[in-house]
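See below for the structure under consideration.
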Amino acid sequence: MILGIFLAYLMINLVIGIGVFWYIKTVTTGKVKENKQETIVDMIRYGFDETMLFYKALFYFWKKNGENCYEDCPYYKEKKQRKLHIYSLSLISKLWRSPHYRNGDFQEDMIKNLRNVAIPGTGIALSYFCYFKITMYFFILVIYPVVCAFASLNRVMKEKKEINNDNDNGNSKVVFTKKLCDYYLEQLLEPIDWFSFWRLN
Numbered sequence: 000m001i002l003g004i005f006l007a008y009l010m011i012n013l014v015i016g017i018g019v020f021w022y023i024k025t026v027t028t029g030k031v032k033e034n035k036q037e038t039i040v041d042m043i044r045y046g047f048d049e050t051m052l053f054y055k056a057l058f059y060f061w062k063k064n065g066e067n068c069y070e071d072c073p074y075y076k077e078k079k080q081r082k083l084h085i086y087s088l089s090l091i092s093k094l095w096r097s098p099h100y101r102n103g104d105f106q107e108d109m110i111k112n113l114r115n116v117a118i119p120g121t122g123i124a125l126s127y128f129c130y131f132k133i134t135m136y137f138f139i140l141v142i143y144p145v146v147c148a149f150a151s152l153n154r155v156m157k158e159k160k161e162i163n164n165d166n167d168n169g170n171s172k173v174v175f176t177k178k179l180c181d182y183y184l185e186q187l188l189e190p191i192d193w194f195s196f197w198r199l200n
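Per numbering that gives the first Met the number 0: the sequence shown = residues 0 to 200.
Structure follows, in C-alpha cells:
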C-alpha cells in the first residue's frame, strides 16, 4: 500500500510539473513583460504550494488516524473548512470496512451509492474506484486534483470573453491565471457543490 501511495505521489508530481511547464510556456509566449510573467509564475507557484499542503494534511490524517488527530493537525488551523474537507477525505480509508446501516460495510455502501454519480463530462461512475482500496487512494491522490484542475479550466474558459473585454490593457492573461488558480483551490480545498456537502452528510 505504501509503495502504491508513493508511486501515485510521484505520478502527481510528474503530471503537475508537465502541466505547469506547459502552461507557463503557453501564457508567456510573445511579448509579455517580465513583471507580468513573474506574477503569473507566482500564482502558479501558489497553486502548487497549496496542492502540496493538501497532500501534507491528507498524509498527516492518514498517518495519525487517532482520536485527536483533527484537533492536533498543524495544517489549516485558521481555515477550518479546508481542514474539515481534507479530514473527511482521510476518513474514507478509516471507515472502509466499518459496518454500515444501509449495507454490509462502508465500501459496499459507496459502491451502491456512487453508481449514479459520475465525473462530469466523462460518464465514469465514482463507484468504479470503490472496489479496491488502492483505487480509492489513487482517485484521491491523483484523479481528484486533476478533475479539480479541469473543472476550474472549464469554468474560467466560460468567462474568457468577459475577462478579455474587461482587461483591454493586456492584463487578461494575469486575470485568467488568477481565476484559474482561485477556482482550482476552491474545488480542491473548499468545494461548495452539492456533492461535497452530500458526501459530508
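Beta carbons: idealized from backbone N, C-alpha and C, even for Gly. A quick note: this is a predicted structure, and the numbers were derived from the prediction, not measured.
- Excluding the 5 residues flanking it on each side, L187 has same chain C-beta neighbours closer than 8 Å at E49, T50, F53, Y143, P144 and C147, in chain order.
- Note that the segment 147-159 touches the segment 177-185; at least 3 beta-carbon pairs, one per stretch, sit closer than 8 Å.
- Spanning the alpha carbons of G120 and F194 requires a straight line of approximately 15 Å.
- Inter-residue distance for K82 and L94 is about 18 Å (C-alpha atoms, whole angstroms).
- Runs of alpha helix (DSSP H) with 4 or more residues, each lying fully within the segment 94-145, are found at 105-112 and 132-137, listed in chain order.
- C180: member of the alpha helix (DSSP H) spanning S171 to L188, first to last residue.
- F58 and L90 have their C-alpha atoms roughly 12 Å apart.
- A Cβ-Cβ distance of about 29 Å is found for the pair F138 and K159, leaving them out of contact under the 8 Å criterion.
- Here I85 is near A56, since their CB atoms are less than 9 Å apart.
- Judged by DSSP secondary structure, E158 falls outside any alpha helix (DSSP H); it is assigned neither H nor E.
- The beta-carbon separation of Q106 and C129, rounded to 6 Å, stays under the 8 Å limit for a contact.
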